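As structure tokens, the structure follows; a few thoughts come after it.
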Amino acid sequence: MEIIDLKNVTKFYGNFKAVDSVSFSVEPGRIFGILGPNGAGKTSTIRMINYITVPDQGSITIEGKPVGRESQEHIGYLPEERGLYKKMKVGEQLLYLVQLKGLSKADAKRSIKYWLGRFEASDWINKHVHELSKGMQQKIQFIVTIAHDPDIYIFDEPFSGLDPINSELLKKVIIELRDKGKTIIFATHRMEQVEQMCDDIALFNRGKAILQGKLSDVKRSFGRNTVILEFDGDASFIDELENVRVNNRSTNFAEIRLLNGTSEQTILEKAVNNVKIRKFEFVQPSLNEIFISTVGEDNIKNNQLG
Amino acid sequence: MNLTKLFLIIKREYLTRLKSKTFIISTILAPIFILAMFLVPILMTNFGGSSNEQVIIVDHAGGVANHLVKLNPNRYINEKYASVDTLRSEVIHGQISGFIVITPKVVNGSEKPELVYSGNGGITFTQSVRSDLQTAIRDALLSKTNVNPDVKSIMERSIHLQTKKLTKSGEEKQNTDMLFVVGYFMAIGIYMAMFIYGSLIMRGVIEEKTSRIIEIMASSAKPFELLLGKVLGVGALGATQFLIWVVSISGITTFGAPFIVHALGGKSTSAVQSANSANMALQMPHIGAGLWIFFILFFVLGYLMYSALFAAVGSAADSETDVQQLTFPITIPIILPIMFLTSVTANPGSTFAVVTSMIPLFSPILMIARMAVSSVPLWQSLGSVVLMILTFLGLMWLSSRVYRVGILMYGKKPSFKEIAKWIRYN
Numbered sequence: 003m004e005i006i007d008l009k010n011v012t013k014f015y016g017n018f019k020a021v022d023s024v025s026f027s028v029e030p031g032r033i034f035g036i037l038g039p040n041g042a043g044k045t046s047t048i049r050m051i052n053y054i055t056v057p058d059q060g061s062i063t064i065e066g067k068p069v070g071r072e073s074q075e076h077i078g079y080l081p082e083e084r085g086l087y088k089k090m091k092v093g094e095q096l097l098y099l100v101q102l103k104g105l106s107k108a109d110a111k112r113s114i115k116y117w118l119g120r121f122e123a124s125d126w127i128n129k130h131v132h133e134l135s136k137g138m139q140q141k142i143q144f145i146v147t148i149a150h151d152p153d154i155y156i157f158d159e160p161f162s163g164l165d166p167i168n169s170e171l172l173k174k175v176i177i178e179l180r181d182k183g184k185t186i187i188f189a190t191h192r193m194e195q196v197e198q199m200c201d202d203i204a205l206f207n208r209g210k211a212i213l214q215g216k217l218s219d220v221k222r223s224f225g226r227n228t229v230i231l232e233f234d235g236d237a238s239f240i241d242e243l244e245n246v247r248v249n250n251r252s253t254n255f256a257e258i259r260l261l262n263g264t265s266e267q268t269i270l271e272k273a274v275n276n277v278k279i280r281k282f283e284f285v286q287p288s289l290n291e292i293f294i295s296t297v298g299e300d301n302i303k304n305n306q307l308g
Numbered sequence: 428m429n430l431t432k433l434f435l436i437i438k439r440e441y442l443t444r445l446k447s448k449t450f451i452i453s454t455i456l457a458p459i460f461i462l463a464m465f466l467v468p469i470l471m472t473n474f475g476g477s478s479n480e481q482v483i484i485v486d487h488a489g490g491v492a493n494h495l496v497k498l499n500p501n502r503y504i505n506e507k508y509a510s511v512d513t514l515r516s517e518v519i520h521g522q523i524s525g526f527i528v529i530t531p532k533v534v535n536g537s538e539k540p541e542l543v544y545s546g547n548g549g550i551t552f553t554q555s556v557r558s559d560l561q562t563a564i565r566d567a568l569l570s571k572t573n574v575n576p577d578v579k580s581i582m583e584r585s586i587h588l589q590t591k592k593l594t595k596s597g598e599e600k601q602n603t604d605m606l607f608v609v610g611y612f613m614a615i616g617i618y619m620a621m622f623i624y625g626s627l628i629m630r631g632v633i634e635e636k637t638s639r640i641i642e643i644m645a646s647s648a649k650p651f652e653l654l655l656g657k658v659l660g661v662g663a664l665g666a667t668q669f670l671i672w673v674v675s676i677s678g679i680t681t682f683g684a685p686f687i688v689h690a691l692g693g694k695s696t697s698a699v700q701s702a703n704s705a706n707m708a709l710q711m712p713h714i715g716a717g718l719w720i721f722f723i724l725f726f727v728l729g730y731l732m733y734s735a736l737f738a739a740v741g742s743a744a745d746s747e748t749d750v751q752q753l754t755f756p757i758t759i760p761i762i763l764p765i766m767f768l769t770s771v772t773a774n775p776g777s778t779f780a781v782v783t784s785m786i787p788l789f790s791p792i793l794m795i796a797r798m799a800v801s802s803v804p805l806w807q808s809l810g811s812v813v814l815m816i817l818t819f820l821g822l823m824w825l826s827s828r829v830y831r832v833g834i835l836m837y838g839k840k841p842s843f844k845e846i847a848k849w850i851r852y853n
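Respectively, the protein sequence lines represent chains A and B. The working numbering numbers the first residue of the first sequence as 3 and each following residue consecutively. The working numbering numbers the first residue of the second sequence as 428 and each following residue consecutively.
Spelled out as structure tokens, the structure:
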């Protein structure tokens with residue numbers, strides 16, 4: 003039984019179709035990735051799930067009921083554009099924002115105290131936000147997102163602008179929430195950050211969900227078509243390979259996508275003749291590769307149509 | 428509408444501003460500033476003013492000096508035989524303020540009288556000397572020529588106009604000049620309130636947008652609740668501030684004015700006179716309860732209408748720098764009535780005054796001014812209130828449509844055409 007369900011959702015801004023007949027559903031207790039380049043309609047979709055804006059066509063339900071004031075209180079939302087009231091004290095601000103999500107004052111206080119303790123931020127309660135460092139502000143922002151203990155969490159580009167310590171902290175919290183049975187939606191264009199975390203994905207391009215399903219199924223459907231090569235020596239032979247696309251290349255590393263039925267054996271032969279191989283692996287494509295090829299093909303198709 | 432959330436929003440908007448330094452400082456400084464506006468002229472007339480100016484009159488024509496001394500014995504001293512050179516050096520050394528030599532040619536008009544003075548005393552000093560001299564020369568001529576005593580008395584009579592305002596409840600013995608002052612004060616007070624609190628709202632909206640907190644707010648409450656909470660929270664702040672001012676200013680005038688008079692009293696008769704007249708200026712003329720009620724009503728409605736407009740502008744702006752261009756269309760209807768104020772109060776019953784004061788966006792300034800200086804028919808005053816309420820509701824609807832789209836638009840300044848489009852969005 004899905005917890006979030008979108009059916010043929012369409013959103014216009016003026017004449018611009020930001021979201022074009024998108025349908026997908028999110029199952030409870032899983033991490034769902036909304037992936038796509040900038041301007042693909044991710045944030046527009048998320049805003050509609052959050053009931054910040056409403057679709058022009060189609061429907062969005064959460065636990066079987068149309069989204070509305072009530073569903074807002076069951077969602078913890080970390081927007082891409084983050085911010086807090088600069089001139090308010092941390093404690094007052096958290097209390098205000100958490101109470102706005104429907105918690106009583108006492109419950110809000112208890113939860114805020116717990117999370118401030120968890121994030122080693124209890125000393126900041128009487129500080130103004132503008133006195134905090136950026137990293138500290140990010141921690142407060144997490145607490146705003148999660149302190150009302152919702153069932154659904156929506157993170158829009160959660161790792162952008164985070165320092166490594168806060169990145170790790172957020173990952174830990176997200177895994178912990180998932181283990182507690184909460185549902186999590188990610189929206190991002192940074193594939194490598196979510197690849198290890200997502201259970202399901204929907205790939206957006208130009209307002210449409212062009213690919214979706216379980217991440218493992220999606221990967222399997224692309225088959226083993228990628229060679230991971232680590233080597234010592236002159237890498238120039240890679241430039242001479244035909245019917246391949248090279249991703250993620252550095253001085254002694256290359257991720258090579260095989261196209262048009264090219265055999266991995268061809269690559270191996272060429273490599274043996276030119277360099278000293280340290281690692282040769284024949285694998286499923288990375289999410290990044292799937293993303294680039296799917297979006298690339300989609301754009302080519304659209305350009306031909308246009 | 429979720430009242431718990433609305434109340435939370437109002438509380439935050441009110442309390443964070445109440446505790447801000449800007450609010451505390453402006454609340455303290457404004458009465459001091461107003462007090463200074465009254466006190467400075469009093470002190471000026473006392474210490475730098477005409478009361479201590481001594482002018483020596485050297486009267487070669489005869490008769491004029493006596494009349495001058497009669498007019499103001501503190502100022503004019505008749506010294507027929509003083510030498511001009513001595514007087515010059517006395518002026519230079521500050522022993523006297525100035526002197527005038529009156530020759531027969533001055534009296535018959537073929538020569539202009541000359542006031543030689545130190546340059547202190549300002550325009551009020553020279554003006555009063557001019558009018559004194561004119562009266563004195565006229566009187567001197569009248570007494571020399573053998574005119575009919577009736578003509579003489581007509582010429583000498585100075586006219587003091589007394590004014591009475593006639594209303595249905597009877598004659599009010601009141602200085603109508605003071606009613607103009609009241610009308611102006613009320614109109615300017617509302618004007619400043621609309622501007623100051625309106626832009627406070629606008630800056631609040633822009634701050635939420637630029638700090639990006641708005642996305643969190645929009646996922647927690649309806650845009651309309653956010654907007655209304657802001658309008659009511661800042662409104663409560665404005666009411667608090669005005670209340671503090673009214674209480675402190677009436678306290679100052681009740682207890683402070685006699686103290687000022689006392690402090691200045693006894694120095695010279697004219698100092699007491701000017702202090703007394705200042706005391707009169709500080710004492711508000713009697714204002715009926717009806718006018719007060721309408722003042723509060725116009726104050727509140729004026730604030731509400733313009734706060735809706737300012738909030739819409741704030742939501743459309745992307746940064747403080749966009750504001751100037753976007754506020755332009757809404758500052759026009761605030762400034763226009765201030766420009767009409769003089770002609771409307773001078774002619775409160777004219778068609779122009781009636782029509783302009785009935786325009787809802789002008790009413791808060793013009794109708795209250797008309798009501799202060801004249802009796803406005805009830806259908807006009809109540810009619811303008813009804814029109815303002817309707818306008819407020821319309822503007823609030825319009826503003827909330829712009830607001831809900833505008834707050835989520837980052838990174839570009841919209842054109843007015845685009846803003847008009849937002850109103851039609853779903």
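All C-beta atoms, glycine included, are put in the ideal place defined by N, C-alpha and C. Since the model is a prediction, treat every value here as computed from it, not as a measurement.
List the DSSP bridge partners of A/Tyr155. Position 153 of the first sequence, counting from 1, holds the residue named residue 155 of chain A. For A/Tyr155, which the question treats as bridged, DSSP gives the partners A/Gly78 and A/Ile186.
Please list, in chain order, the residues of the stretch 119-152 of chain A that have any C-beta partner in chain C closer than 8 Å. Included in the structure are the protein chains A and B, with no chain C among them.
By Cβ distance below 6 Å, which residues in the same chain neighbour B/Val873 in space, the five residues on each side in sequence not counted? For residue 873 of chain B there is no data in the structure shown, the boundaries of chain B being 428 and 853.
Do you know offhand how far B/Arg797's Cα is from B/Leu731's? As a first step, residue 797 of chain B must be located in the second sequence, where it is residue number 370. As a first step, residue 731 of chain B must be located in the second sequence, where it is residue number 304. So the alpha carbons of these two residues sit roughly 21 Å apart.
Taking a cut of 7 Å between CB atoms, which residues from the stretch 619-635 of chain B lie near chain A? none
Beta-carbon within less than 6 Å of A/Asp7's beta-carbon, same chain only, minus the 5 sequence neighbours each way: which residues are those? In the first sequence, residue 7 of chain A corresponds to position 5, counting from 1. Excluding positions up to five away in sequence, the list reads Ser27 and Thr63.
Following the continuous beta strand (DSSP E) through A/Ser252, name the residue where it begins and the one where it ends. For the purposes of this step, residue 252 of chain A is taken as residue 250 along the first sequence, with counting starting at 1. Residues Val246 to Ser252.
Taking buried to mean at least 16 other C-beta atoms within 10 Å of its own C-beta, is B/Arg502 buried or exposed? The residue labelled residue 502 of chain B in the question sits at position 75 within the second sequence. Looking at its Cβ environment, which holds 16 or more other Cβ atoms inside 10 Å, B/Arg502 is buried.
Which runs of the beta strand (DSSP E) spanning at least 3 residues fall entirely within the stretch 599-635 of chain B, listed in chain order? none
For a cutoff of 8 Å on Cβ pairs, would you count B/Ser477 as touching chain A? Residue numbering aside, residue 477 of chain B sits at position 50 when the second sequence is read from its first letter. For B/Ser477, the predicted structure reports a pLDDT of 46, less than 50, and the residue's modelled location is therefore unreliable. The matter cannot be settled from this model.
Taking the straight line between their C-alpha atoms, what separation do you get for A/Gln101 and A/Asp151? Within the first sequence, numbered from 1, the residue matching residue 101 of chain A stands at position 99. Within the first sequence, numbered from 1, the residue matching residue 151 of chain A stands at position 149. Cα to Cα, A/Gln101 sits roughly 12 Å from A/Asp151.
What's the C-alpha gap between A/Asn262 and A/Asn245? Sequence index remark: in the first sequence, residue 262 of chain A carries index 260 (1-based). Sequence index remark: in the first sequence, residue 245 of chain A carries index 243 (1-based). Straight-line Cα distance between these residues: approximately 6 Å.
For A/Ala204, the residue or residues it bridges with in DSSP: As a first step, residue 204 of chain A must be located in the first sequence, where it is residue number 202. The partner list for A/Ala204 (beta bridge, DSSP) reads A/Ile36 and A/Gln214.
Nearest CA to the CA of B/Phe526: which residue from B/Gly810, B/Val534, B/Ser516 and B/Lys532? Along the second sequence, one-based indexing puts residue 526 of chain B at 99. Of the listed residues, the one whose Cα sits closest to B/Phe526 is B/Ser516.
Closest Cα partner of B/Ala567 within the set B/Leu456, B/Gly489, B/Pro500 and B/Pro650: In the second sequence, counting from the first residue as 1, residue 567 of chain B sits at position 140. If we check each option's Cα against that of B/Ala567, B/Gly489 comes out closest.
Note down the Cα distance separating B/Glu642 from A/Glu83, rounded to an integer number of angstroms. Locating residue 642 of chain B in the second sequence gives position 215, counting from the first residue. Locating residue 83 of chain A in the first sequence gives position 81, counting from the first residue. Between B/Glu642 and A/Glu83, the C-alpha separation is close to 7 Å.
For A/Ala123, count the other beta carbons within 10 Å of its own beta carbon; 16 or more makes it buried, fewer makes it exposed. Which is it? Indexing the first sequence from 1 puts residue 123 of chain A at position 121. Flag for A/Ala123 reads buried.
Kindly say whether B/Ser784, judged by its beta-carbon, lies nearer than 8 Å to any beta-carbon of chain A. By one-based count along the second sequence, residue 784 of chain B stands at place 357. Cβ-Cβ to chain A under 8 Å: no for B/Ser784.
How many Å lie between B/Leu820 and A/Ala211 at the Cα? For the purposes of this step, residue 820 of chain B is identified with residue 393 of the second sequence, where counting begins at 1. For the purposes of this step, residue 211 of chain A is identified with residue 209 of the first sequence, where counting begins at 1. Spanning the two alpha carbons is a distance of roughly 42 Å.
For B/Val673, the three-state DSSP class (helix, strand or coil): What you label residue 673 of chain B is simply residue 246 of the second sequence in a count that begins at 1. Helix at B/Val673.
I need the boundaries of the alpha helix (DSSP H) containing A/Ile114, first residue and last residue. As a first step, residue 114 of chain A is located in the first sequence; it is residue number 112 there, counting from the start. Lys107 to Arg120 is the span of the alpha helix (DSSP H), which, as asked, contains A/Ile114.
DSSP-derived helix/strand/coil call for B/Phe789: Stepping through the second sequence from its first residue, residue 789 of chain B is reached at position 362. Of the three classes helix, strand and coil, the one that applies to B/Phe789 here is coil, per DSSP.
Would A/Gln74 pass as an interface residue toward chain B - the criterion being a Cβ-Cβ separation below 8 Å? As a working note, residue 74 of chain A is residue 72 in the first sequence. Interface residue, yes.
Nearest-angstrom Cα separation, counted from B/Val674 out to B/Gly610: Position 183 of the second sequence, counted from the start, is the residue given in the question as residue 610 of chain B. Position 247 of the second sequence, counted from the start, is the residue given in the question as residue 674 of chain B. Taking the straight line from one Cα to the other gives about 20 Å.
Span of the alpha helix (DSSP H) holding A/Glu94? Here residue 94 of chain A is taken as the residue at index 92 of the first sequence, counted from 1. Where A/Glu94 is concerned, the enclosing alpha helix (DSSP H) stretches over Val92 to Leu102.
To which residues of the same chain is A/Ile114 closer than 8 Å at the C-beta, ignoring the five residues directly before and after it? Looking up residue 114 of chain A in the first sequence gives position 112. Only Gly93, Leu96, Leu97, Val100, Ile145 and Ala149 meet the Cβ criterion.
Min CB distance A/Gly16 to chain B below 8 Å: Start at 1 with the first residue of the first sequence, and residue 16 of chain A comes out as number 14. For A/Gly16, the answer is yes, since a Cβ of chain B falls inside 8 Å of its Cβ.
With DSSP as the reference, label B/Val528 as helix, strand or coil. Indexing the second sequence from 1 puts residue 528 of chain B at position 101. It is a strand residue.
Counting only beta-carbon atoms, is B/Ser638 nearer than 8 Å to chain A? Taking the second sequence and counting its residues from 1, the one referred to as residue 638 of chain B is at position 211. Yes, its Cβ sits closer than 8 Å to a Cβ of chain A.
Using the beta-carbon count (16 or more within 10 Å), is A/Asn128 buried or exposed? For the purposes of this step, residue 128 of chain A is taken as residue 126 along the first sequence, with counting starting at 1. By the 10 Å Cβ count, A/Asn128 comes out exposed.
Between which two residues does the alpha helix (DSSP H) containing A/Gly137 stretch? By 1-based counting over the first sequence, the position of residue 137 of chain A is 135. Per DSSP, A/Gly137 belongs to the alpha helix (DSSP H) from Lys136 to Ile148.
I want to verify the contact list: residues of chain B whose CB lies under 7 Å from the CB of A/Gly85, in sequence order. Numbered from its first residue, the first sequence carries residue 85 of chain A at position 83. Per Cβ cutoff of 7 Å: Ser638, Arg639 and Ile640.
Could you tell me whether the Cβ of A/Ile54 comes closer than 8 Å to any Cβ of chain B? The count along the first sequence starts at 1 and reaches residue 54 of chain A at position 52. Yes, because at least one Cβ of chain B sits closer than 8 Å to the Cβ of A/Ile54.
Per-residue DSSP class, three states only, for A/Ile279: Taking the first sequence and counting its residues from 1, one reaches residue 279 of chain A at position 277. Residue state, collapsed to three classes: strand.
Taking Cβ-Cβ distances shorter than 8 Å, what residues in chain B pair up with A/Tyr98? Taking the first sequence and counting its residues from 1, the one referred to as residue 98 of chain A is at position 96. Here the neighbours are Leu435 and Arg439.
A/Thr228 (DSSP reduced to helix, strand or coil): Mapped onto the first sequence, residue 228 of chain A falls at position 226. It is a strand residue.
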